[in-house]
Structure formats: structure tokens, C-alpha cells
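In this text, residue positions in the sequence shown follow the working numbering: the first is 34, and each later residue adds one.
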Amino acid sequence: MDTPEKSEVIIETRNLTKIYRDFWGRRKVPALKALDLEIRKGEIFGLLGPNGSGKTTTIKLLLGLLFPTSGESLIFGRAANDVSVKERIGYLPEESYLYRFLNAEETLDFYGRLFDMPAAMRRQRVADLIEMVGLTRARRRQLKEYSKGMTRRIGLAQALINDPEVIILDEPTTGLDPIGIREMKDLILHLKSEGKTILMCSHLLADVQDVCDRIGVLYQGELKELGRVSDLVQVSDRTEICTSTLSDATMQKVREVIEASGAMVQAMGHPTTTLEDLFLKIIRESDAHPGRRVRGSDESNDSKLADSAKSAESEKSTASSDAHSDDSKPGKSNKSGKQGR
Ligand SMILES: Nc1ncnc2c1ncn2[C@@H]1O[C@H](COP(=O)(O)OP(=O)(O)OP(=O)(O)O)[C@@H](O)[C@H]1O
Ligand SMILES: [Mg+2]
């Protein structure tokens, strides 16, 4: 298989610029300035930037939902408003506007009909997607009763109904709790493993770092940084060594060796887990031992949390919890999600 660097360009923008105009047609907000971007087959590309930096504008231009002021955008080498291209794209908007009185099955069936899917294929696809996004138990409830996270999940399922080759996700983790976020990230990685090309935008740095191969950072409509996540976040002027627990004497020896070589020890000690891993572990344990609650002084709670942190670090790989969702999902994978990169 081609590596993403060598494979074909699926999404391309050239000098893409959008200046919103006011009611009178006067130029008002320069939302995107001369964006040049290439996204290749099979990669997950993250568009990162603070609120108002032009992420959604870029996506809408790509999808042909907005006209550019200048420049162009191409998907599969064609203009975004080409109908043959639209069938091959799945889009999760910032907010999904779905019919509130339909349930999950009816919603997906409706969108399957829009794509002229035969009934038997539609039924299977709807069931698979509902299971994939963890809504099996809620599949017959009207969407008006759905929580924010459940709405996000059905929005994703709807975006995938036509089994698209390109998936564009605008803030996919908005409204999800930490478990939902982890599951959404695993789902995105699962879609990549199926060969999909994914463009997602977010202002949540951890989301992007965990799943994206490459990122572009937008600020005030301008692309400020572009590159592979692993290269961008690497701190090249430091070396990190991770071992099993060392005795004080060994630590001292290591320190001496390092100092004798002329380098400086900047930190030595136990690593900390992330709050995300700790949270996921607590939820998983709560599911295994229903009814157990932390009581008593903060001091004992602190030590319990420290213990949890220790094992959370070692159990990161199964961080995505079955406790929260209805079903096991094919997208579940390891915490870092770096496989296959
Ligand atoms: N329809 C519109 N009319 C006028 N200005 C707009 C319109 N849509 C967006 N803008 C402006 O364009 C700029 C970029 O907006 P955009 O929605 O692309 O940002 P974003 O990066 O998606 O932000 P967020 O993280 O808040 O979703 C902002 O200054 C915004 O106010
Ligand atoms: Mg936006």
C-alpha cells in the first residue's frame, strides 16, 4: 500500500480565499486567506485553530456550500459542487439538523433512501452503523430525547450512510464526555483503517494529536503551520528514557553517567497519567464494582486516586470503556491510536 506521502491527492485547495460580505455586498470579514492544502488518500488531516479562525469556512468551501471569493478547491480532482463527487463524501456538520420525531433507525433509513440504497442493503447498513456508534439500545427512541453526545453519534452515523471514501468532520467531539471522545477518536481511527480519507477540524488539541497524521494550524484565516503531528510535537533538544521502577542507588548511578557525559538531568521520577486515562479507568472500575463509592477524607481519596493513576497509566491500551456505550465497537483500538502510521 502507498504511504500517505506517495498516495494520490484527494482534497486540494489552491489560493482558496473567502471574504464574507455584509447585507449591502460590502466586503466585511476576511475569513480565509489564500489557503493551499493537499490531503492524500488514507490520511487523517486535522485543521486546527481557535474560534473564528476559518475552519468551518474551509469545510463549507470544500463541500461547495459556500462560493470562494477567489481560488479553488477540488475533491477527487473535481470542483466541490460536482454531483458525482458529493456521493463519495460524508459530512458531519458542526450541528446536525435531523428530524426530531424520527428515531435512529428511521433517520438512517431516510438518508439511505436518499442515496437510493436497496432495502436489504439499507437495513444491514443501518444496523451496522447504529452498532458502530453505540446507539443500539436507543435505536427506537425519538431523536428529540437524545442527549448531546447521542445526537453527535447519530450525526456521524448519518454522515457514513453512503459508505463515503472521504469523511469531513467539523468538531466531531463537541458535546461528548471523555468516554464518548475516546470512542469517537477510535471510530475515526477505525475509518482510517478501512482506507478512508478524513479531514477533521477541532480546537481541542488532544483530539487532534491522538488521531491525526498531519495538521494545519489556521489563525485569523491564515495557515500558520503545516506538517506531520509526530514531527511538530517532537522536542528535539531533549532525550526521554522510560524504564521500570529504579532503586535510588541506580537512579544516582544513572545521574552520574549522564552528568559525566556533559549532559544535564532535567527531571527524574515517576511519570503522571493523563486525567483522561484516569477518568476512563474510574468509570470502567465503577462498572465492574457497581455501588462502590469513594467516601471519607480527601487524604484517603487522594491515595486512591494516586493508585488509580498508577494502574491507569499501565492500562491505557484498553482505555475505551464498554461501560459507557451499549455495545462493543469495531473501532475500538489502543489509546495512542498510532497504529498503522
Ligand atoms: N455567514 C457569515 N457571515 C459573515 N461572517 C462569517 C460568516 N460565517 C463565518 N463568519 C466569520 O468568518 C470567520 C471564520 O469563521 P468560521 O466559522 O470559519 O470559524 P471556525 O474556525 O470554524 O470557528 P469555531 O471554532 O468557532 O467553529 C469568523 O470571523 C466568523 O465571524
Ligand atoms: Mg467552526
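For glycine and all other residues, C-beta sits at the position ideal for the given N, C-alpha and C.
Coarse secondary structure for Q191, derived from DSSP in three states | It is helical.
Cross-strand partners of T230 (DSSP beta bridge):
V199
Does DSSP put T46 in a helix, a strand or coil? strand
For ligand 2, is there a heavy atom less than 7 Å away from the beta-carbon of E71?
No, since every heavy atom of ligand 2 falls outside the 7 Å radius drawn around the Cβ of E71.
Q) Just to confirm, does K88 get its C-beta within under 7 Å of one of the non-hydrogen atoms of ligand 4? A) Among the ligands present in this structure, namely ligand 1 and ligand 2, ligand 4 is not found.
DSSP three-state assignment for K51, whether helix, strand or coil:
In the structure shown, the three-state DSSP call for K51 is strand.
Flag D240 as yes when its Cβ comes closer than 7 Å to any non-hydrogen atom of ligand 2, and as no otherwise.
-> For ligand 2, not one heavy atom lies less than 7 Å from the Cβ of D240.
Note to self: Taking its Cβ as the centre, do 16 or more other Cβ atoms sit within 10 Å of Y124, making it buried, or is it exposed?
What the structure shows: buried
Suppose contacts are defined by Cβ-Cβ distances below 8 Å. Is G249 in contact with L80 by that definition? yes
To the nearest angstrom, how far is it from the Cα of D203 to the Cα of P151? 29 Å
Exercise for the section: Enumerate in chain order the residues of its own chain whose CB-to-CB distance from D69 is below 7 Å, with the five nearest sequence positions on each side excluded. Expected result: T46, R47, N48
- prompt: Could you give the C-beta distance for G15 and P83, rounded to a whole number, given that I count them as a contact under 8 Å?
  reply: The requested residue 15 is not part of the displayed model; the chain covers only 34 to 374.
### Same chain, Cβ closer than 8 Å to E105, five either side skipped, listed in chain order
T46, R47, N48, L49, A112
Burial state of D310 (16 or more Cβ within 10 Å): buried
* To do: Return the chain-ordered list of same chain residues with a C-beta closer than 6 Å to the C-beta of V166, the five sequence neighbours on each side being excluded.
  => R186, L189, A190
Practice prompt. Name the two residues that bound the continuous alpha helix (DSSP H) containing R376.
Written response: For residue 376 there is no data in the structure shown, the boundaries of the chain being 34 and 374.
D281 versus G302, G75, L95, V290, residue with shortest Cα-Cα distance = The shortest Cα separation from D281 among G302, G75, L95, V290 belongs to G302.
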